[in-house]
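Under the numbering used here, the first residue of the sequence shown is numbered 55, with each subsequent residue one higher.
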Amino acid sequence: MTLYAERNQCIGTENAFKIGPHIVAVESRGTPVVKLNLGEPDFSAPPWVKDEVCRQVAIDNSHYCDPKGILPLRQAIARQVNTTRGLAVTPEHVCVFPGGKPSIGFTQQIYCNPGDEIIYPSPGFPIYESFIRYIDAVPVPLHLEEHRAFSCAPEQLAALITPRTKLIILNFPSNPTGGVATYAQLYALADIIRAQCAPDVRVYSDEIYENIIFDGQKHLSIASMPGMAERTIISSGFSKSFAWTGGRVGYAVLPSVQEADAFKNMNINYFSCVPPYNQEGAREALENAQSRPWMAEMTKTFEQRRDAILARLNAIEGISCQRPGGAFYLFPNIGGVCERIGALEAYRGLPAAVRAATAPATLFQMFALYRHHVAVMDRRSFGAIGAEDRHFLRISIAADLETLEEGIVRLASASRDAEGFQQFVARGEHLA
Ligand code: PMP
């Protein structure tokens, strides 16, 4: 008998949380690290949200509450979703969770049987892939390609759908690429889904970056396309839009009340309810008239940083980076750097068992952290299947300009330091 259940060996993780100890290890040697690995806005939540939370705690709103989410919040969410996406959902279609994340695993558990296929974007938020083997479903990565501006090409999706497809995950604006879908793309994807999938195949549309969109574009949801509201789970939350990652409030809008109740039952089984004082803070976030301009200001700051940093990044030999349309990440191709410093060769020379848990871009990521003191995320952290031949990094622009500029300087010196890289690998430091 083994200590852990077999399925426990199958669950993945989110490396953004795992890189922390590496950063601590480097900083404990006395060298501060430039942290461009973070997936949270470097802003404070709006004061009216924080004040409301405090007020609710003071009036003792700190007991169990409706497991589906408090009604005033679900009403505010339904109103907001209907206004922004032209839908007609009721508060009973809404279920509230501690963050945007829980509905990813719940969706897989609620809809998928062993052997069902789940199509998901890769690179994409790691939790999509993490859960699939845990529930004994089959991962079908939809590789977002650089030459297609990381968009999800309709013909690509069409080729992946089979009679076993049960769930299709989409994420626009995208983590980690910053890709935003156009109306024409979503329309075409919806056409394919309606034509090739049975009505009980669900689309999980992760729209958590819906308010962080650049260049005057507007957020679009696949749920707004003809015939898609009845197939789509819209997921969003307050972590990114309101710089409130610690508030742990997110939600899903389900195609039917029965499905929303299935999610509510998961809430009852796992955590009973989300803290009611935080839910009141979230309600305030949606209802306060100052919130829209506040989000627009934060987005403008991200956009200005994108514009300031992109050219510098692209000036580094061996790096090319597209212009993201939303979220707060840059996703450069570092294939030229991996080649120049010998990361491709070093990777090929590793024992098979070590190779299975790394990639050339991961070797560079570790080298950049341990030797040049800049923390970024590697491509593998956003879907490991097929990642070894794709050489990318994710750079978060959730840091002030000075920090970002210093980070780019450090990445540039790492990208030229072939000798340091060889030593790093020879000493086995990449295995730290
Ligand atoms: N989806 C995506 C695409 C994300 O990037 C994140 C957070 N990084 C989440 C979901 C989870 O958000 P939360 O912190 O609200 O659980």
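All C-beta atoms in this analysis are idealised placements derived from N, C-alpha and C, irrespective of residue type, glycine included.
Extent of the continuous alpha helix (DSSP H) run through residue i
{"i": "residue 457", "result": "455 to 470"}
{"i": "residue 220", "result": "From DSSP, residue 220 is part of no alpha helix (DSSP H) but of the beta strand (DSSP E) over 219 to 225."}
{"i": "residue 421", "result": "414 to 426"}
{"i": "residue 443", "result": "Neither: residue 443 is in no alpha helix (DSSP H) and is coded neither H nor E."}
{"i": "residue 241", "result": "237 to 250"}
{"i": "residue 77", "result": "74 to 81"}
{"i": "residue 258", "result": "That residue, residue 258, is in no alpha helix (DSSP H); its beta strand (DSSP E) goes 256 to 260."}
{"i": "residue 489", "result": "Here the chain has residues from 55 to 486 only, and residue 489 is not among them."}
{"i": "residue 402", "result": "397 to 402"}
{"i": "residue 213", "result": "208 to 214"}
Per-residue burial, residue i [other beta carbons within 10 Å of its own, 16 or more giving buried]
{"i": "residue 435", "result": "buried"}
{"i": "residue 271", "result": "exposed"}
{"i": "residue 464", "result": "buried"}
{"i": "residue 199", "result": "exposed"}
{"i": "residue 461", "result": "buried"}
{"i": "residue 160", "result": "buried"}
{"i": "residue 420", "result": "buried"}
{"i": "residue 71", "result": "exposed"}
{"i": "residue 483", "result": "exposed"}
{"i": "residue 269", "result": "exposed"}
{"i": "residue 320", "result": "buried"}
Beta-carbon contacts of residue i that lie in its chain and below 8 angstroms, excluding the five residues immediately before and after
{"i": "residue 67", "result": "180, 184"}
{"i": "residue 344", "result": "100, 102"}
{"i": "residue 144", "result": "132, 311"}
6 angstroms Cβ shell around residue i - same chain, five flanking residues per side excluded
{"i": "residue 176", "result": "195, 197, 437"}
{"i": "residue 162", "result": "185, 189"}
{"i": "residue 152", "result": "302, 328"}
{"i": "residue 445", "result": "388, 389, 392, 414, 415"}
{"i": "residue 191", "result": "166, 170, 172"}
Delimiting residues of the beta strand (DSSP E) encompassing residue i
{"i": "residue 171", "result": "171 to 176"}
{"i": "residue 378", "result": "That residue, residue 378, is in no beta strand (DSSP E); it is neither H nor E in DSSP."}
{"i": "residue 105", "result": "No beta strand (DSSP E) contains residue 105, which is instead part of the alpha helix (DSSP H) from 101 to 112."}
{"i": "residue 288", "result": "286 to 291"}
{"i": "residue 196", "result": "192 to 197"}
Proximal residues to residue i (C-beta, below 7 angstroms), its chain only, five neighbours per side dropped
{"i": "residue 130", "result": "337, 340, 341"}
{"i": "residue 127", "result": "150, 333, 336, 337"}
{"i": "residue 331", "result": "107, 110, 111, 115, 116"}
{"i": "residue 382", "result": "95, 266, 356, 450, 451, 452"}
Taking 6 angstroms as the limit, tell me which residues put their C-beta closer than that to any heavy atom of the ligand PMP, in chain order.
93, 153, 154, 155, 179, 225, 229, 260, 262, 291, 293, 299, 304
Which runs of the alpha helix (DSSP H), 4 residues or longer, sit entirely within the region 293 to 375?
311 to 324, 330 to 341, 345 to 368
Report the start-end ranges of each beta strand (DSSP E) in the region 128 to 181 that is 3 residues or longer and not cut off at the edges.
148 to 151, 171 to 176
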